[in-house]
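Numbering (the working numbering), first residue to last: 1049 to 1460.
We put the beta carbon where it would ideally sit given N, CA and C, even for glycine.
Predicted, not measured: the structure shown is a model, and the values here were computed from it.
This is the structure in structure tokens:
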């Protein structure tokens, strides 16, 4: 039995136009050289000693050239006689397992062979203390047992909450290094309270553990590294909020204020905690009311990213999806991640949306749901992912808007 009637499927859809968005392009060409430059500074080099065991904490987000950055940090440490190894600072990602965490790093090109050091991903943690609200703070035991820990992460707006510290070094030091147990503990306080929980927990981590310094990474609107900055432990709390302001100013956007149907080709945990970044699409919590996000009628998701390994957290933000997505969902990994994070907005963000056979049927379904009587006038936007917005597709009814903003858009 067909899902839609023949007249629903046979509607005439508008032609699609390829468009380039004109974002700023500042970037660092040689990220390895920049890392070397940072570690030559006395305030960092003086912390590194021969024979010292150094844990290098790496998270679960795809960051531009992260494998080069991590490899260069490892090389600089070895050159100074230290004995580095990598620890996985991923909270509950990778299913919260050693194998899952290592696989995420492998997807980024980071393996024991490629970087030449051990990767320690077992899930043992150490309790560091308790913060306001009776929330226990944990840290990775492999990190705790080292002589020093170096934190490497991108700084950018978080998908759910706003504050002085969002996604960045402080979050990596608390939720990331806390592994699944620490991640679950902090989420009990509610994600929308992270603007208070994260800095409190980070201060405890910096006081009770062996963090030496951090490497903060900022990306431009094309998701290319535009800044790499080193921060000693004592500088992180003051400097990260300033870097977050720069990161927010560098964020891309879809650039179209009203959309009937948004088609997202790919979502995944390597793209955003919700698979699609609410800083780009809104749809949830305080991000839905941000002035730079569009008003969207219906959202369609076409596939899960390969590097998400079936984790479909955030799929519930979509209204329709495809059989391909459904068949590739790893429900165990998805639900483990969801329960560890505490369902900040209710667990509906992991509910499976309406499943259609393919993209064409999903678009027809969205038009029917919106009760659009003239489908040829439908305002449709198609993006590759919320991380890849430099080239998008828009339907013919949006041509006039696109042509009215030549400084922002170029029709390809």
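From the options, pick the residue whose C-alpha is nearest to that of residue i; which is it?
i, options, result
"residue 1325", "1206, 1171, 1200 and 1135", "1206"
"residue 1434", "1424, 1270 and 1458", "1270"
"residue 1223", "1054, 1359, 1296 and 1321", "1321"
"residue 1135", "1080, 1196, 1096 and 1092", "1196"
"residue 1291", "1303, 1282 and 1278", "1278"
"residue 1313", "1147, 1083, 1436 and 1123", "1436"
"residue 1155", "1225, 1051, 1287 and 1318", "1318"
"residue 1199", "1107, 1211, 1243 and 1235", "1107"
"residue 1242", "1379, 1255 and 1216", "1216"
"residue 1268", "1306, 1294 and 1384", "1294"
"residue 1144", "1120, 1170 and 1129", "1170"
"residue 1190", "1310, 1076, 1133 and 1060", "1133"
"residue 1364", "1377, 1354 and 1173", "1377"
"residue 1274", "1403, 1077 and 1209", "1077"
"residue 1289", "1181, 1213 and 1432", "1213"
"residue 1330", "1124, 1362, 1091 and 1440", "1362"
"residue 1246", "1218, 1165, 1178 and 1384", "1218"
"residue 1396", "1333, 1211 and 1072", "1333"
Can you have a look at residue i and say buried or exposed, based on whether 16 or more other CB atoms are within 10 angstroms of its CB?
i, result
"residue 1068", "exposed"
"residue 1127", "exposed"
"residue 1371", "exposed"
"residue 1265", "buried"
"residue 1454", "exposed"
"residue 1297", "exposed"
"residue 1343", "exposed"
"residue 1452", "exposed"
"residue 1058", "exposed"
"residue 1093", "exposed"
"residue 1097", "exposed"
"residue 1112", "buried"
"residue 1055", "exposed"
"residue 1286", "exposed"
"residue 1419", "exposed"
"residue 1204", "buried"
"residue 1354", "exposed"
"residue 1130", "buried"
"residue 1188", "buried"
"residue 1440", "buried"
"residue 1305", "exposed"
"residue 1081", "exposed"
Is residue i helix, strand or coil when you go by DSSP?
i, result
"residue 1425", "helix"
"residue 1138", "coil"
"residue 1067", "strand"
"residue 1406", "coil"
"residue 1261", "strand"
"residue 1272", "coil"
"residue 1104", "strand"
"residue 1324", "coil"
"residue 1109", "coil"
"residue 1236", "coil"
"residue 1117", "helix"
"residue 1255", "helix"
"residue 1436", "strand"
"residue 1122", "helix"
"residue 1152", "helix"
"residue 1317", "coil"
"residue 1060", "coil"
"residue 1196", "strand"
"residue 1449", "helix"
"residue 1389", "helix"
"residue 1374", "helix"
"residue 1158", "coil"
"residue 1299", "coil"
"residue 1231", "helix"
"residue 1383", "helix"
"residue 1209", "coil"
"residue 1401", "coil"
"residue 1360", "coil"
Looking at the strands, I want to know which residues DSSP matches up with residue i.
i, result
"residue 1461", "For the chain, the structure presents residues 1049 to 1460; residue 1461 sits outside this window and is missing."
"residue 1349", "1312 and 1369"
"residue 1441", "1066 and 1430"
"residue 1201", "1264"
"residue 1278", "1263"
"residue 1457", "1069"
"residue 1215", "1204"
"residue 1186", "1175"
"residue 1133", "1103"
"residue 1284", "None, per the DSSP bridge assignment."
"residue 1168", "1135"
"residue 1306", "1343"
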